[in-house]
Amino acid sequence: MREVRVVAFLFLIASGCAAPAAEEKLTRWDSSARLLAGMDLPESDPLYSLTRTDEWQTHHRAMDRRFSEFEDMYGKKITPWAASEIGDSGAGVVFYPFGGPDLLFPLRLFPDAKEYILFGMESPGKQPDPASVYARDRIALASVFPTIRKSLAWFLNFTYFQTYQMDKWLRGRDLGGAGPVMMVFLARSGATITDVQEFQDPSAHGIRISFKRAGKDHTATYYTVNASDSSLSSNPGFLAGIRSRGERVSYMKAASYLLYGPGFDIVRNFVTTESQMIVSDEAGVPLSSYPPEMELRFYGNYDGPLPMYWPMRQKALDQAYARESRSLPFDLGYTASWKRNASVLIVASRKHATPGERKN
Amino acid sequence: MILDLHVYLRQRIWTCAACFLFLLSLCLPGSADAQEFFHYRIFTPESGDLRELPDSSSESLATLSRGVALMETGMRDRQIVVQGKDGDWIQVAYFGDVGWVPLNHTALPASIRTVSTSAEFLGTWRSNLKCRIQSYIHIEADGMFYGSHCISCTMEGCPESISGKWTIEDGMLVLTERKGQKAQYFIKDGVLVSDPTNGFIWEYHGASVLSGLRK
């Protein structure tokens, strides 16, 4: 039965990646996302003519190859693993600190979530409007495509964003920022984008994307926020706003070991004491910070951090992995750019909550 | 008859042994579980470009000089190589960028002399990421290294001491920390390059041992 679901899920993704039927009417956001993602548009689409350029055709071929490589290395392995090992957490919200615009992994790991909340230091960007960029300057639009490819190249190979690379390729450019990158991920994940809103509320600047996937409504919100204690202590509204959304799963990957030391106590406590489930690599939540009422399952292999993070090696994690570990069929986080089969993923659940099978 | 029995028993023993080894191999972790470092290639022309696409007219992401190390993005058994109009191109990572170089412009580290003598590595090296990581390592002629390592914004009790053995393998300096962790380094323009994927490099800081480094 599970295999049937996996096949059905892969079919949904494949059908989302294929050219839309000629009679299908895309929203303007969906058209923009597909254009940026290098995916075909129907001839009736207002942006269709932009896909007839040499620059876009190059983009289309390059993006197809990059996402195909991503699927081979990671995507095909994550989806069935998540279905069997995480299942339906029951929480409607996924909270993903320090991940930048990485919507691709949470969509794969938690496809049932209604709301995805991401934050990082990168700008959210503007509501992308390729048609107006094209009308203003055709060359400017042509330069957007390689910029998107360059900003994604590292991530699609090694599963995490490098802050300085994101900054180098996306800051201050046409269609720059986190929003367009998230839209590319949504388009490549078979989602249909129904609305995109940039917002500035008292606690943060952000962008909210509403989308449909497998017939269900979802939202993905990205906030540009500094999550250090000194910043959050004067901005309590940010976490209060997230708290008000209800029960949540927290997910962390390649978070620069920020929660290991002082200076990030507020967000660490928020993650560890208020999450129904935590799914983290070893650079996210340190082992000593998981509360005793959580049951931990260890996946993958722990061989310490990257050499540049040597002091972050956790003896307790060495011991935990010596006692027990389960198979992790894909790499992720910093170790994905260091060596194969050396990645860690810890799934922590409240002892009273047993992850159930997905309700498809 | 006795001879035949002996031959028969020997055959049975070898058959059993072969079966045992076969069953044992099934119980051992397969290659999919084995940890494998990414592989490096050395850029061989005097200069050239890391290209955004596998095409010599594609945008240059970085200028490469002879002898720089490039990390293959695929593993050795599945390198990401495509055929372009001007030959095969291999996908590599170099200081945070992922791009392409002509395959025939690269060589495996062991096939090109990248380090003149091990003496080039001796001395004290300081990390160049001054805002985040305050680290020193001292490499001694007796095959040992030691130093301090501190990620200043996230650690209490800095600096932490590190020590271990060093060797040269495949044209690279390999540091094996006493807890078993390994790091591979190249020398590029007089600095130690820990990994062409993350830009973490060490500048030469002289032959003397700094105070504060602990054996």
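One line per chain: the protein sequences are A and B, in this order.
In terms of numbering that gives the first Met the number 0, the first sequence opens at residue 0 and continues consecutively.
In terms of numbering that gives the first Met the number 0, the second sequence opens at residue 0 and continues consecutively.
By construction, the Cβ of each residue, glycine as well, lies at the ideal position given by its N, Cα and C atoms.
Keep in mind that this is a model prediction, so the values were computed, not measured.
Can you name the residues that DSSP bridges to Asp64/B? Residue numbering aside, residue 64/B sits at position 65 when the second sequence is read from its first letter. Going by the sequence as given, residue 64/B is Ser instead of Asp. DSSP lists Ser46/B as partners of Ser64/B.
Given 8 Å, three or more beta-carbon pairs between the region 204 to 212 of chain A and the region 50 to 63 of chain A: no
For the structure I just gave you, are there three or more beta carbon pairs, one from the region 88 to 95 of chain A and one from the region 238 to 249 of chain A, closer than 8 Å? yes
Counting only the same chain and skipping the five closest in sequence on each side, list residues whose C-beta sits under 7 Å from that of Gly99/A. Locating residue 99/A in the first sequence gives position 100, where the first residue counts as 1. Gly119, Glu121, Phe160, Met165, Ala177, listed in sequence order.
I need the DSSP call for Trp165/B, collapsed to helix, strand or coil. For this step, residue 165/B is matched to residue 166 along the second sequence. Looking at Trp165/B - three-state DSSP - the assignment turns out to be strand.
Lys164/B touches chain A at which residues, Cβ-Cβ below 7 Å? Taking the second sequence and counting its residues from 1, the one referred to as residue 164/B is at position 165. The contacting residues do not exist; Lys164/B stays about 14 Å from chain A at best.
Do Ile161/B and Pro108/B have their beta-carbon atoms positioned less than 8 Å apart in this structure? Taking the second sequence and counting its residues from 1, the one referred to as residue 108/B is at position 109. Taking the second sequence and counting its residues from 1, the one referred to as residue 161/B is at position 162. Not a contact, by the Cβ cut-off of 8 Å.
Test: Glu68/A CB closer than 8 Å to a CB of chain B: On the first sequence, residue 68/A is found 69 positions in, with the first residue counted as 1. Closer than 8 Å: yes.
Compute the beta-carbon to beta-carbon distance between Met293/A and Ser348/A, rounded to the nearest angstrom, for a pair I have assumed lies under 8 Å. Residue mapping note: residue 293/A aligns to position 294 of the first sequence, counting from 1. Residue mapping note: residue 348/A aligns to position 349 of the first sequence, counting from 1. About 6 Å; that satisfies the 8 Å criterion.
Over the uninterrupted beta strand (DSSP E) stretch that includes Gly98/B, give me the two end residues. Here the question's residue 98/B lines up with position 99 in the second sequence. 96 to 101 is the extent of the beta strand (DSSP E) around Gly98/B.
Quick one: give me the first and last residue of the beta strand (DSSP E) that Gly347/A is part of. As a first step, residue 347/A must be located in the first sequence, where it is residue number 348. One detail in the question is off: residue 347/A reads as Ala in this sequence, not Gly. Element bounds for Ala347/A: 343 to 349.
Determine, for Ala61/A, whether the minimum Cβ-Cβ distance to residues of chain B falls below 8 Å. Taking the first sequence and counting its residues from 1, the one referred to as residue 61/A is at position 62. Cβ-Cβ to chain B under 8 Å: yes for Ala61/A.
Looking only at its own chain, which residues have a Cβ that is under 8 Å from the Cβ of His204/B, when we skip the five neighbours before and after it? Walking along the second sequence from the start, residue 204/B turns up at place 205. Taken in chain order, the residues that qualify are Gly122, Thr123, Trp124, Arg125, Tyr135.
Since Thr72/B meets chain A, which of its residues come closer than 7 Å, beta carbon to beta carbon? The residue labelled residue 72/B in the question sits at position 73 within the second sequence. Per Cβ cutoff of 7 Å: Asn156.
Around the C-beta of Asp280/A, are 16 or more other C-beta atoms found within 10 angstroms, so that it is buried, or is it exposed? As a working mapping, residue 280/A is identified with position 281 in the first sequence. So Asp280/A counts as buried.
Chain B residues whose Cβ lies nearer than 7 Å to that of Gln318/A: Residue 318/A sits at position 319 when you count from the first residue of the first sequence. Per Cβ cutoff of 7 Å: no residues; Gln318/A is ~13 Å from chain B at best.
Pull up the distance between the alpha-carbon of Glu22/A and that of Arg267/A, whole angstroms please. Along the first sequence, one-based indexing puts residue 22/A at 23. Along the first sequence, one-based indexing puts residue 267/A at 268. Any answer about Glu22/A is weak, because its pLDDT of 47 lies below 50 and its placement is not dependable; what the coordinates show is given next. Cα to Cα, Glu22/A sits roughly 49 Å from Arg267/A.
Is Ser209/A helix, strand or coil when you go by DSSP? As a first step, residue 209/A is located in the first sequence; it is residue number 210 there, counting from the start. DSSP places Ser209/A in strand when its eight states are reduced to three.
Please list, in chain order, the residues of the region 51 to 63 of chain B that have any C-beta partner in chain A closer than 8 Å. Glu51, Leu52, Glu58, Leu60
Once you ignore the five residues that flank Ser188/A on each side, which residues in its own chain have a CB closer than 6 Å to its CB? The count along the first sequence starts at 1 and reaches residue 188/A at position 189. Excluding sequence neighbours, Ser188/A sits near Leu106.
Hey, does Leu22/B have any beta-carbon neighbour from chain A nearer than 8 Å? Here the question's residue 22/B lines up with position 23 in the second sequence. Here Leu22/B scores only 42 on pLDDT, less than 50, and its place in the model is too uncertain to base an answer on.
Would you check if the distance between the CB atom of Ala186/A and the CB atom of Glu54/A is smaller than 8 Å? As a working mapping, residue 186/A is identified with position 187 in the first sequence. As a working mapping, residue 54/A is identified with position 55 in the first sequence. Not in contact: Ala186/A and Glu54/A (Cβ atoms no closer than 8 Å).
Are any of the Cβ atoms in chain B nearer than 8 Å to that of Pro145/A? In the first sequence, counting from the first residue as 1, residue 145/A sits at position 146. It does: the Cβ of Pro145/A has a partner Cβ on chain B nearer than 8 Å.
Spatial neighbours of Ser55/B within its chain, please: C-beta separation below 6 Å, excluding the five flanking residues on both sides. Along the second sequence, one-based indexing puts residue 55/B at 56. Within the same chain, Ser55/B has close Cβ partners Asp85.
Where does Thr123/B sit, in a helix, a strand or coil, going by DSSP? Counting from one through the second sequence, the residue named residue 123/B turns up at place 124. In this structure, Thr123/B counts as strand in the three-state DSSP scheme.
Suppose you measure from the CA of Leu402/A to the CA of Ala152/A; what does that come to, to the nearest Å? In the structure displayed, chain A extends from 0 to 359; residue 402/A sits before or after that span and is not available.
Which whole-angstrom value describes the C-beta separation of Val180/A and Ser150/A, a residue pair presumed to lie in contact below a C-beta threshold of 8 Å? As a working mapping, residue 180/A is identified with position 181 in the first sequence. As a working mapping, residue 150/A is identified with position 151 in the first sequence. Correct: roughly 6 Å between the Cβ atoms.
Between Lys252/A, Tyr298/A, Asp317/A, Pro290/A, which has its C-alpha nearest Ala324/A's C-alpha? Along the first sequence, one-based indexing puts residue 324/A at 325. The sequence given here has Ser at residue 324/A, not Ala. The shortest C-alpha separation from Ser324/A is found at Tyr298/A.
Out of Asn225/A, Lys215/A, Val346/A, state which residue places its alpha-carbon closest to the alpha-carbon of Asp111/A. On the first sequence, position 112 is the one that residue 111/A refers to. Ranking Asn225/A, Lys215/A, Val346/A by Cα distance to Asp111/A puts Lys215/A first.
Residues near Ala81/A in its chain [Cβ-Cβ closer than 7 Å; skip 5 each side]: The sequence position of residue 81/A within the first sequence is 82, counting from 1. Cβ neighbours of Ala81/A beyond the five flanking positions: Arg107, Leu108.
List the endpoints of the continuous beta strand (DSSP E) containing Ile138/A. As a working mapping, residue 138/A is identified with position 139 in the first sequence. No beta strand (DSSP E) holds Ile138/A; the alpha helix (DSSP H) holding it covers 137 to 157.
So within the region 61 to 131 of chain A, which uninterrupted alpha helix (DSSP H) runs reach at least 4 residues, ignoring any that extend past its ends? 75 to 84, 103 to 108
Going by the CB atoms, is the gap between Gly47/B and Leu63/B shorter than 8 Å? Position 64 of the second sequence, counted from the first residue, corresponds to residue 63/B. Position 48 of the second sequence, counted from the first residue, corresponds to residue 47/B. Yes, the Cβ-Cβ distance between Leu63/B and Gly47/B is below 8 Å.
Taking CB distances under 8 Å as the criterion, tell me whether Tyr73/A reaches chain B. Within the first sequence, the letter at position 74 stands for residue 73/A. Tyr73/A does not count as touching chain B.
Kindly indicate the opening and closing residues of the beta strand (DSSP E) around Asp216/A. Within the first sequence, the letter at position 217 stands for residue 216/A. Looking at the DSSP string, the run of the beta strand (DSSP E) that includes Asp216/A is 215 to 223.
For Leu295/A, name the three-state secondary structure that DSSP assigns. The sequence position of residue 295/A within the first sequence is 296, counting from 1. Residue state, collapsed to three classes: strand.
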